[in-house]
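Visitor: Before I ask anything, here is the structure I am working with.
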Amino acid sequence: MDAQVSAGASVPADEEPAVSPSDFRSFADQFATGVAVVTASGPEGEKSGVTITGVTSLSLDPPLYLVCLDNGSNTLGLVREAKAFALHFLTKDQSDISRVFASKQADKFSGVGHAIGETGSPIIHGVLAAAECVVLRITAIGDHTIVVGEVKATTVNGGEPLLYHRGAYAALEGGS
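Each residue of the sequence shown is one higher than the last, beginning at 1 in the UniProt record's numbering.
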């Protein structure tokens with residue numbers, strides 16, 4: 001499959017959004033979601049990563065994942081350049097890793113064990129699961145960009161997932 005980039009859609013400048021940003025955020029905070037980190041490497045070996053909650057499986061055949069990255073994200077720039085990324089699902093004990101990758105810290109990989117995977121993307125050690133993806137499509141919509149990646153390799157370590165709900169980290173009660 002070949003990568004495609006499309007312009008995307010936006011709200012016309014003369015139209016007000018139907019819901020205020022604070023009302024939208026309040027609504028979205030009601031949905032518990034898993035916490036993920038997307039990582040990528042550039043041509044000069046530079047590495048970047050970002051914590052996200054906008055992620056979903058898209059297709060089983062072919063195996064596709066969709067991630068949503070802020071338009072201003074350094075990681076998005078490297079994903080565009082490399083045409084590859086790694087997607088990591090964090091364990092309930094990895095809120096510290098989530099905070100590092102959610103920060104503006106310059107070297108987010110300092111102190112975070114990782115290796116470079118088959119696609120050239122950094123793979124964080126000890127996560128719940130990781131997938132290496134090659135980019136199929138990139139579409140900017142609003143203040144985020146949707147990146148669709150075809151999964152080329154996976155690692156599943158198991159454990160309990162880190163969740164995010166109502167602006168705070170959470171874990172499943174009683175296990176699964």
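Glycine included, C-beta positions come from ideal geometry on N, C-alpha and C. Computed from a prediction, not measured in an experiment: that's the story for all the values here.
I'd like the list of long-range same chain contacts for N74, defined as Cβ closer than 8 Å, with 5 residues on each side in sequence excluded.
Guide: Numbered from its first residue, the sequence shown carries residue 74 at position 74. Only S48 and V50 meet the Cβ criterion.
Visitor: Evaluate the contact criterion for the segment 29-43 versus the segment 80-92: three or more CB pairs, one atom per stretch, below 8 Å.
Guide: Result yes; three or more Cβ-Cβ pairs closer than 8 Å.
Visitor: At the level of alpha carbons, what is the spacing between G77 and L162?
Guide: Walking along the sequence shown from the start, residue 77 turns up at place 77. Walking along the sequence shown from the start, residue 162 turns up at place 162. Taking the straight line joining both Cα atoms gives about 26 Å.
Visitor: Under the three-state reduction of DSSP, which class applies to F85: helix, strand or coil?
Guide: Along the sequence shown, read from residue 1 onward, the residue named residue 85 stands at position 85. Strand, per DSSP.
Visitor: Classify D70 as helix, strand or coil using the three-state DSSP reduction.
Guide: As a first step, residue 70 must be located in the sequence shown, where it is residue number 70. In the structure shown, D70 sits in a strand (DSSP, three-state: E or B).
Visitor: Mind checking which residues open and close the alpha helix (DSSP H) that includes P21?
Guide: As a working mapping, residue 21 is identified with position 21 in the sequence shown. P21 to A28 is the span of the alpha helix (DSSP H), which, as asked, contains P21.
Visitor: In angstroms, rounded to a whole number, what distance separates the CA positions of K152 and V134?
Guide: Taking the first residue of the sequence shown as position 1, residue 152 is located at position 152. Taking the first residue of the sequence shown as position 1, residue 134 is located at position 134. C-alpha separation (whole angstroms): 7 Å.
Visitor: Spatial neighbours of V112 within its chain, please: C-beta separation below 7 Å, excluding the five flanking residues on both sides.
Guide: Working through the sequence shown from its first residue, we reach residue 112 at position 112. The residues are I97, V100 and I124.
Visitor: Nearest to N71 by CA position, among T145, T119, F31 and K104, is which residue?
Guide: Looking up residue 71 in the sequence shown gives position 71. Nearest option by C-alpha distance: T145.
Visitor: Please list the segments of the beta strand (DSSP E) lying wholly inside the segment 74-139, counting only runs of 3 or more residues, in order along the chain.
Guide: For the segment 74-139, whole beta strand (DSSP E) runs of length 3 or above, ordered along the chain, are 84-89, 114-116 and 122-124.
Visitor: Whole angstroms is fine: what's the gap from Y169's alpha carbon to A140's?
Guide: Sequence index remark: in the sequence shown, residue 169 carries index 169 (1-based). Sequence index remark: in the sequence shown, residue 140 carries index 140 (1-based). Spanning the two alpha carbons is a distance of roughly 28 Å.
Visitor: Tell me which residues share the same chain as F24 and place their Cβ nearer than 7 Å to its Cβ, disregarding the 5 neighbours each side in the sequence.
Guide: For the purposes of this step, residue 24 is taken as residue 24 along the sequence shown, with counting starting at 1. Once the five neighbours on either side are set aside, F24 has no close Cβ partner at all.
Visitor: Does the beta-carbon of V19 have 16 or more other beta-carbons within 10 angstroms, so that it is buried, or is it exposed?
Guide: Along the sequence shown, read from residue 1 onward, the residue named residue 19 stands at position 19. Exposed.
Visitor: Grouping DSSP H, G and I as helix and E and B as strand, with all else coil, what is A171?
Guide: Walking along the sequence shown from the start, residue 171 turns up at place 171. Reduced to three states, the DSSP call for A171 is strand.
Visitor: Thinking C-alpha only, which one of G142, V147, D143 and G174 is nearest L136?
Guide: Numbered from its first residue, the sequence shown carries residue 136 at position 136. Taking only the C-alpha atoms, the option nearest L136 is V147.
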